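A short worksheet on the structure shown next.
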Amino acid sequence: MDNITGWHKSSFSEPSGNCVEVGYAPGHVAVRDTKDRSKGAHVFTADAWTSFLSNVRDGKFEL
Numbered sequence: 001m002d003n004i005t006g007w008h009k010s011s012f013s014e015p016s017g018n019c020v021e022v023g024y025a026p027g028h029v030a031v032r033d034t035k036d037r038s039k040g041a042h043v044f045t046a047d048a049w050t051s052f053l054s055n056v057r058d059g060k061f062e063l
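Numbered per full-length UniProt numbering, the sequence shown spans residues 1 to 63.
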């Protein structure tokens with residue numbers, strides 16, 4: 001997906017670059033590793049991403 005824009009990472013990220021970035025495309029959310037952006041991104045539908053974040057907030061995963 002080539003139309004991903006608005007890449008950003010958390011303000012809590014360390015300067016060492018060990019973090020992920022989130023970008024947006026119409027109806028989709030993409031996540032990539034900042035250590036090697038050339039490896040591409042994992043792309044999710046907006047609904048799947050919203051569900052994932054909701055489940056994380058609700059403690060439904062053992063992290």
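We put the CB at the ideal spot given by N, CA and C, even for glycine.
Model, not experiment: these values are computed from the prediction.
Review point. Can you name the start and end residues of the alpha helix (DSSP H) that alanine 25 belongs to?
Key: From DSSP, alanine 25 is part of no alpha helix (DSSP H) but of the beta strand (DSSP E) over 20-25.
Check your understanding: Just reading off the beta strand (DSSP E) that arginine 57 is part of, what are its end residues?
Key -> For arginine 57, no beta strand (DSSP E) encloses it; the enclosing alpha helix (DSSP H) starts and ends at 46-57.
**Study point:** Bounding residues of the beta strand (DSSP E) (the contiguous stretch that carries aspartate 33)
**Key:** 28-33
Exercise for review: Use the C-beta contact count for valine 29: other C-beta atoms within 10 angstroms, 16 or more gives buried, fewer gives exposed.
Suggested key: buried
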